[in-house]
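Undergrad: Residue numbers (the numbering used here), protein chains in the order written: chain A, 7 to 147; chain B, 782 to 968. The beta carbon of each residue, even a glycine, is placed where N, CA and C say it ideally should be.
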Amino acid sequence: MSPKIEDMGVSVPSGPVLSLRQKAALASALYLGLCMILLVVAQPNLVAMWGEITSPQPTDCSGEGEKQELMTIYRDDFQKISKNCTYVETVNGETFLDDGHAYLRLLEATSEEAATACIMEREKSWLYVCLDVKLRLSDEL
Amino acid sequence: MKSGSLTRIVSELGVLREESDDLREKATARLWESVKILVEMGLASELESEILRALIDGPRNTTELVEIIYGSTRNVPGFGADYMKLSRAMRRLEGSGLVATRILGRDRPYRLTPYALEKLYFLGRPGEAAQRLVGSFDILIYLVTLSSGLGMVLLQESPWIGAAFGLFLYALGISTCRIYRMLRRLS
Numbered sequence: 007m008s009p010k011i012e013d014m015g016v017s018v019p020s021g022p023v024l025s026l027r028q029k030a031a032l033a034s035a036l037y038l039g040l041c042m043i044l045l046v047v048a049q050p051n052l053v054a055m056w057g058e059i060t061s062p063q064p065t066d067c068s069g070e071g072e073k074q075e076l077m078t079i080y081r082d083d084f085q086k087i088s089k090n091c092t093y094v095e096t097v098n099g100e101t102f103l104d105d106g107h108a109y110l111r112l113l114e115a116t117s118e119e120a121a122t123a124c125i126m127e128r129e130k131s132w133l134y135v136c137l138d139v140k141l142r143l144s145d146e147l
Numbered sequence: 782m783k784s785g786s787l788t789r790i791v792s793e794l795g796v797l798r799e800e801s802d803d804l805r806e807k808a809t810a811r812l813w814e815s816v817k818i819l820v821e822m823g824l825a826s827e828l829e830s831e832i833l834r835a836l837i838d839g840p841r842n843t844t845e846l847v848e849i850i851y852g853s854t855r856n857v858p859g860f861g862a863d864y865m866k867l868s869r870a871m872r873r874l875e876g877s878g879l880v881a882t883r884i885l886g887r888d889r890p891y892r893l894t895p896y897a898l899e900k901l902y903f904l905g906r907p908g909e910a911a912q913r914l915v916g917s918f919d920i921l922i923y924l925v926t927l928s929s930g931l932g933m934v935l936l937q938e939s940p941w942i943g944a945a946f947g948l949f950l951y952a953l954g955i956s957t958c959r960i961y962r963m964l965r966r967l968s
């Protein structure tokens, strides 16, 4: 086995501490690390954006052609729906925040003829469903 | 007769002077050319150019390079000094990204990097040059990545955050590829 170079009394001189490749790797790691930090910091904003994308979008109930579905809602069904609602908007643009109040106003607004209403979800003001509500409350009552 | 000889000698001296001036100009031009080549390659000495010449044939460790360049072997008294000189030159070449060695392992021969080969290829070709390690496009794409990343943080509840996120991902992908390519050129 050949003797090691250090055994021959030769000390390897100290040149530049880092080679260009090591410097480039270090700079790249710092850059990518910074990008990851930005991504982590921006995560709440991105999650919120994703939530907005995946949530149902408000539907325009004002136009005749935009009506989603014609339903006959009976009293019990309407109570079920309205229990989950905190926000109701009629086609006339009237909004009601209170559950019971909204329910009553909706009854008033739609008891005589079919009306369109937008029923909003409890948590946010997202439109949950857009219906042509045809109430037959008088029959049930 | 005497005056004729003198005239001939003077005229010969004139020719010699003209030839000498011509030679001086040529020598100066070649000197500048050599200096330019050394500067283009980022070399500090003739030893470094000899090392590059030896590595063109294939990877070699420092001891082999000492044997090739200085012709001295381990048992020769001056080997240690030659080894030191060569190691110093190797470190400098590594520092300028022209040679590389394996990161791990006992036997770590030096080899020319693709970046060095590119520089050698374009050496002395007027108007042509090897691509820079970090070009203006790279700088632009790194800046776009960081700016769009910053935009994602700052644009809270803005419809533009989606665009910033898309741009960030796109630019990050490109910049990662550019970084990989740069590191490959130095390996």
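1) CB-CB under 6 Å to residue 948 of chain B, same chain, minus the five flanking residues each way: which ones, in chain order?
2) Suppose the cutoff is 7 Å on Cβ atoms and the five residues either side in sequence are ignored; what does the same chain contact list for residue 824 of chain B look like?
3) With a cut-off of 8 Å, does the C-beta of residue 32 of chain A fall near any C-beta of chain B?
4) If you measure from the beta carbon of residue 45 of chain A to each beta carbon in chain B, is any gap under 8 Å?
5) Could you spell out the range, first to last residue, of the alpha helix (DSSP H) harbouring residue 957 of chain B?
6) Is the segment 891 to 908 of chain B touching the segment 851 to 860 of chain B in the sense that three or more CB pairs, one from each, lie closer than 8 Å?
7) Measuring CB atoms only, is the segment 813 to 822 of chain B touching the segment 795 to 803 of chain B, in the sense that at least three cross pairs come out at less than 8 Å?
8) CB-CB under 7 Å to residue 880 of chain B, same chain, minus the five flanking residues each way: which ones, in chain order?
9) Nearest to residue 36 of chain A by CA position, among B:960, B:889, B:950, is which residue?
10) What's the C-alpha gap between residue 899 of chain B and residue 48 of chain A?
11) Please list the partners that residue 36 of chain A has in chain B, where partner means a Cβ-to-Cβ separation under 8 Å.
12) Note down, in chain order, all residues in the segment 923 to 936 of chain B with a beta-carbon under 8 Å from any beta-carbon belonging to chain A.
13) Please name the residue in B:935, B:927, B:955 whose C-alpha comes closest to that of residue 52 of chain A.
14) Just to confirm my understanding: we take residue 953 of chain B, look at its own chain, exclude 5 residues before and 5 after, and list those with CB closer than 6 Å. What are they?
15) Counting only beta-carbon separations shorter than 8 Å, does residue 881 of chain B have a partner in chain A?
16) Could you check where the alpha helix (DSSP H) with residue 919 of chain B kicks off and where it finishes?
17) Assuming residue 878 of chain B contacts residue 26 of chain A under a Cβ cut-off of 8 Å, what Cβ separation, rounded to an integer in Å, is found between them?
18) Only counting the same chain, and skipping five residues up and downstream in sequence, which positions put a Cβ closer than 6 Å to that of residue 787 of chain B?
19) If you drop the 5 nearest sequence neighbours on each side, which residues of the same chain put their C-beta closer than 7 Å to that of residue 955 of chain B?
20) Any idea what DSSP makes of residue 23 of chain A, helix, strand or coil?
21) How big is the Cα-Cα spacing for residue 43 of chain A and residue 806 of chain B?
22) Less than 8 Å between the beta carbons of residue 54 of chain A and residue 964 of chain B, yes or no?
23) Which residue marks the beginning of the alpha helix (DSSP H) containing residue 891 of chain B, and which one marks its end?
TA: Walking through what the data contain:
1) Within the second sequence, residue 948 of chain B is the residue found at index 167, counting from 1. 929, listed in sequence order.
2) Your numbering for residue 824 of chain B matches position 43 in the second sequence. Within the same chain, residue 824 of chain B has close Cβ partners 830.
3) As a working note, residue 32 of chain A is residue 26 in the first sequence. Interface residue (Cβ-Cβ distance to chain B less than 8 Å): residue 32 of chain A is not classified as such.
4) By one-based count along the first sequence, residue 45 of chain A stands at place 39. By the rule that beta-carbons nearer than 8 Å mark a contact, residue 45 of chain A touches chain B.
5) Walking along the second sequence from the start, residue 957 of chain B turns up at place 176. From DSSP, the alpha helix (DSSP H) with residue 957 of chain B extends over 942 to 966.
6) The segment 851 to 860 of chain B is not in contact with the segment 891 to 908 of chain B.
7) Taking 8 Å as the limit for Cβ pairs, the verdict is that the segment 795 to 803 of chain B does not touch the segment 813 to 822 of chain B.
8) Here residue 880 of chain B refers to the residue found at position 99 of the second sequence. Closer than 7 Å at Cβ, skipping near neighbours: 836, 871, 874, 891, 892, 893, 894, 897.
9) As a position in the first sequence, residue 36 of chain A is number 30, starting the count at 1. Looking at the Cα atoms, B:960 is the closest of the given residues.
10) Locating residue 899 of chain B in the second sequence gives position 118, where the first residue counts as 1. Locating residue 48 of chain A in the first sequence gives position 42, where the first residue counts as 1. Take the alpha-carbon of residue 899 of chain B and the one of residue 48 of chain A: they are about 41 Å apart.
11) Your numbering for residue 36 of chain A matches position 30 in the first sequence. Proximity of chain B to residue 36 of chain A at the Cβ level (cut-off 8 Å) is not reached, the minimal Cβ distance being about 11 Å.
12) Interface annotation for the segment 923 to 936 of chain B against chain A: 923, 926, 927, 930, 931, 933, 934, 936, criterion Cβ-Cβ distance under 8 Å.
13) Translated into positions along the first sequence, residue 52 of chain A becomes position 46. Checked all of B:935, B:927, B:955; the closest Cα to residue 52 of chain A is B:935.
14) Taking the first residue of the second sequence as 1, we reach residue 953 of chain B at position 172. Taken in chain order, the residues that qualify are 926.
15) Indexing the second sequence from 1 puts residue 881 of chain B at position 100. For residue 881 of chain B, the answer is yes, since a Cβ of chain A falls inside 8 Å of its Cβ.
16) As a working note, residue 919 of chain B is residue 138 in the second sequence. Where residue 919 of chain B is concerned, the enclosing alpha helix (DSSP H) starts and stops at 917 to 935.
17) As a working mapping, residue 878 of chain B is identified with position 97 in the second sequence. As a working mapping, residue 26 of chain A is identified with position 20 in the first sequence. In this structure residue 878 of chain B touches residue 26 of chain A by the C-beta definition: roughly 3 Å separates them, less than 8 Å.
18) Your numbering for residue 787 of chain B matches position 6 in the second sequence. Answer for residue 787 of chain B: no residue qualifies.
19) Within the second sequence, the letter at position 174 stands for residue 955 of chain B. Exclusion of the five residues before and after residue 955 of chain B leaves 922 as the residues of its chain whose Cβ lies within less than 7 Å of its Cβ.
20) Here residue 23 of chain A refers to the residue found at position 17 of the first sequence. Secondary structure at residue 23 of chain A: coil, using DSSP grouped into helix, strand and coil.
21) Residue 43 of chain A sits at position 37 when you count from the first residue of the first sequence. Residue 806 of chain B sits at position 25 when you count from the first residue of the second sequence. As the crow flies, the alpha-carbon of residue 43 of chain A is around 60 Å from that of residue 806 of chain B.
22) The sequence position of residue 54 of chain A within the first sequence is 48, counting from 1. The sequence position of residue 964 of chain B within the second sequence is 183, counting from 1. Remark: C-beta atoms of residue 54 of chain A and residue 964 of chain B do not approach each other more closely than 8 Å.
23) Counting from 1 along the second sequence, the entry for residue 891 of chain B is found at position 110. Premise fails: residue 891 of chain B is in no alpha helix (DSSP H) and is neither H nor E.
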